[in-house]
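Report on the structure given below.
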Amino acid sequence: MSLPSLPSHSRRVELAFILGALTAFAPLSIDMYLPSLPTLERIFATDAAAVQRTLSTFFVGFAIGQAFYGPLIDRFGRKLPLYGSLGLYILASIGCVVAPSIEFLAGMRLFQALGACAGVVIARAVVRDLFTDKESIGFYASLMLVSGLAPMLAPILGGFVLKYFSWEANFVILAIIGVMILLLIHFRLPETLRPEHMQPLHFWSILRNYGRLLTDREYIGYGLGCGFAMAGLFSYIAAVPFILISLYKIAPEHFGFIFALNAFGFISMAQVNGRLLQGANPKKVVMMASIFQVCVAAVLLVTSATGFGGLYGILVPLFFFVAPLGFIMPNSTVLAMAPQARNAGVASALLGLLQNGLAAVSTVLAGIFSVTTPLTMAVIMGVCAVGTFVMLRVVGGVRH
3 MSLPSLPSHS RRVELAFILG ALTAFAPLSI DMYLPSLPTL ERIFATDAAA
53 VQRTLSTFFV GFAIGQAFYG PLIDRFGRKL PLYGSLGLYI LASIGCVVAP
103 SIEFLAGMRL FQALGACAGV VIARAVVRDL FTDKESIGFY ASLMLVSGLA
153 PMLAPILGGF VLKYFSWEAN FVILAIIGVM ILLLIHFRLP ETLRPEHMQP
203 LHFWSILRNY GRLLTDREYI GYGLGCGFAM AGLFSYIAAV PFILISLYKI
253 APEHFGFIFA LNAFGFISMA QVNGRLLQGA NPKKVVMMAS IFQVCVAAVL
303 LVTSATGFGG LYGILVPLFF FVAPLGFIMP NSTVLAMAPQ ARNAGVASAL
353 LGLLQNGLAA VSTVLAGIFS VTTPLTMAVI MGVCAVGTFV MLRVVGGVRH
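Letter by letter, the sequence shown follows residues 3 to 402 of the numbering used here.
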C-alpha cells in the first residue's frame, strides 16, 4: 500500500526518516554514553558491575515497556501514545543529568527506556500497516540505513563530548533530540491504523492475543531467534568499553571509531539483505547468516582464550560477529510480523519483549560475572549465537 498525499517515493523516504529516528532512540541512548562507562566507575567510586547495571536497567525497561504499549497503539492509534512516551523520555534524560549516585542514574535509565521503547513498537506496527511482506523487507533496509547511523555516530560523538565537556552532556543532548523528534512526529507522522483494525482495550482480550502469539511456533521461533542475536550484540556492547578503554588503554574518543566500524558492518549487510531478497528466500538467508555467526563466535572464543592476534584477534571476529545481524534481525522481524495484520501492535510489543528481554538478561549476566575480559564476553556471545541457531532451526522450523 502506498502512502497518501505526496508522491509514493517522497512519502516513503520521509517515513523512513521518521521511523528511523524513532527506532534510533535505543542505540542513541545506549551507545552515546558507552565511552563514559569507565569514567562513571571512577566518578561514582563504584565497580564495573554497578556501572553495567545502568545498561541492564535500560534493557529491562525497554523490554517490559513494549508489552504495555502494544495494546495501547492497537486501541488509540499509532501517534497518540507517542506523546506521553516521548515526554517521559525527555524528563528521564534530564534526571540522568542531575543523578547524584549510580543507583539514581540506573533508575532514571529505567524510565528513559520506558519512554524510548514506544518508538520501536510503533515503527514496526506502522510498517505492518502500510506495506506487504515483500515491501516490508525492502523498507526495513531503508529504515535500518537511517536508524543505523545512531550506533555509528553516537559513540564517536559521546567520546568527544566526554573529552571536551562531561558525561552529563550526553544526556542533555539526548533530551534535546527527544524534543526535536516529538515535534517531528506531531507535524509529519500520519496515523496509519485503520479504524476497522482498532482493538478494544479489554484485559482478557489482550491476554488472549498474547496467549495466541505465545503458542504460535513460527512467531516464537523468529522472535526468540532474533532475541538471542540481540542478546549477543548487547553482551558485546556491555563489555567492550571496559575491554578496549580499560584493558587495552584506547582513548574514549578513539573507541567510538572502532565501535562505529562494527555498526557500519551491520548496516552494510542490512542493505545487502534488502537487495538480496529481491529473489532469495528470507528463511534461507536468515539461517545461513546464523550458521556463519556461530562459526565466527567459535573463532572469537579461541582467540580470546589463547590471546592469538592480540587486539586484532578480538576486533576482527567482533566485526564479523556483528555484521550478520544485518541479515538476522530484519528478516526475523518481518517473518514474525507477516501474519499479524489485525494485532500488529500486540505482536510488535511481544516481539520487542522477547528480543529486548533476552538482551536484558545478557547485560545482567555481564554485570553479575563482571564481564570485562575478552574471554567472558566471548563465552556469552557464543551461547547467544548458538541460541539463535537453535531457535530458528528447532522452534521456528527454518531450514537452509
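The beta-carbon is built from N, C-alpha and C at its ideal position, and this holds for glycine as well.
Less than 8 angstroms between the C-beta atoms of residue i and residue j, yes or no?
{"i": "V123", "j": "A351", "result": "yes"}
{"i": "T59", "j": "L112", "result": "yes"}
{"i": "F61", "j": "F236", "result": "yes"}
{"i": "I239", "j": "L36", "result": "yes"}
{"i": "V336", "j": "S149", "result": "no"}
{"i": "V100", "j": "V174", "result": "no"}
{"i": "V296", "j": "A387", "result": "yes"}
{"i": "P40", "j": "I316", "result": "no"}
{"i": "M331", "j": "R130", "result": "no"}
{"i": "S334", "j": "V288", "result": "yes"}
How about residue i: is its C-beta nearer than 8 angstroms to some C-beta of chain B?
{"i": "L42", "result": "Included in the structure is just one protein chain, with no chain B present."}
Roughly how far, in whole angstroms, is the beta-carbon of residue i from the beta-carbon of residue j, given that I think they are within contact range, below 8 angstroms?
{"i": "M34", "j": "L176", "result": "7 angstroms"}
{"i": "P29", "j": "A108", "result": "Contact flag wrong, Cβ pair sits at about 19 angstroms."}
{"i": "T365", "j": "L57", "result": "5 angstroms"}
{"i": "G389", "j": "F230", "result": "3 angstroms"}
{"i": "G384", "j": "A299", "result": "4 angstroms"}
{"i": "L24", "j": "I183", "result": "7 angstroms"}
{"i": "L203", "j": "G79", "result": "With a Cβ gap of about 12 angstroms, L203 and G79 do not count as contacting."}
{"i": "M232", "j": "L360", "result": "6 angstroms"}
Skipping 5 residues on each side, what residues in its chain have a beta carbon closer than 8 angstroms to that of residue i?
{"i": "L155", "result": "A262"}
{"i": "G267", "result": "F321, F322, V324, A325, G328"}
{"i": "A18", "result": "F141, S144, L145, L147, V148"}
{"i": "P83", "result": "Y71, L74, I75, A120, I124"}
{"i": "F310", "result": "V304"}
{"i": "E43", "result": "D49, A50, A52, V53"}
With a CB to CB cut of under 6 angstroms and the five nearest residues on each side skipped, what residues in its chain are close to residue i?
{"i": "S306", "result": "P376, L377, A380"}
{"i": "V396", "result": "none"}
{"i": "V392", "result": "none"}
{"i": "A69", "result": "A351, L355"}
{"i": "A26", "result": "S149, A152"}
{"i": "S7", "result": "Residue placement at S7 is flagged as unreliable, the pLDDT there being 44, under the threshold of 50; the coordinate-derived value follows with that caveat. Closer than 6 angstroms at Cβ, skipping near neighbours: no residue."}
{"i": "G225", "result": "A338, L353, L356"}
For residue i, which residues in the same chain have their Cβ closer than 7 angstroms to its Cβ, ignoring the five residues on either side in sequence?
{"i": "L90", "result": "F113, L116, G117"}
{"i": "Y212", "result": "V348, L352"}
{"i": "S95", "result": "Q114, F173, L176, A177, G180"}
{"i": "F294", "result": "P326"}
If you scan the segment 229 to 279 from start to end, which runs of the alpha helix (DSSP H) of 4 or more residues do you find wholly inside it? 254 to 278
Tell me the start and end of each unbroken alpha helix (DSSP H) in the segment 18 to 66 that is at least 4 residues and wholly inside, in chain order. 27 to 33, 39 to 45
In chain order, which continuous runs of the alpha helix (DSSP H) of length 4 or greater are located wholly inside the segment 167 to 239? Counting only runs of at least 4 residues, the segment 167 to 239 fully encloses the following alpha helix (DSSP H) elements, listed from N- to C-terminal order: 170 to 190, 205 to 216.
Going residue by residue through the segment 96 to 149, where are the continuous alpha helix (DSSP H) segments of at least 4 residues, counting only ones entirely within it? 104 to 132, 135 to 149
Which runs of the alpha helix (DSSP H) at least 4 residues long sit entirely within the segment 281 to 316? Give them in chain order. 284 to 308
Segments assigned alpha helix (DSSP H), at least 4 residues, entirely inside the segment 313 to 391: Taking only runs of at least 4 residues, the alpha helix (DSSP H) segments lying wholly in the segment 313 to 391 are 327 to 339, 346 to 370.
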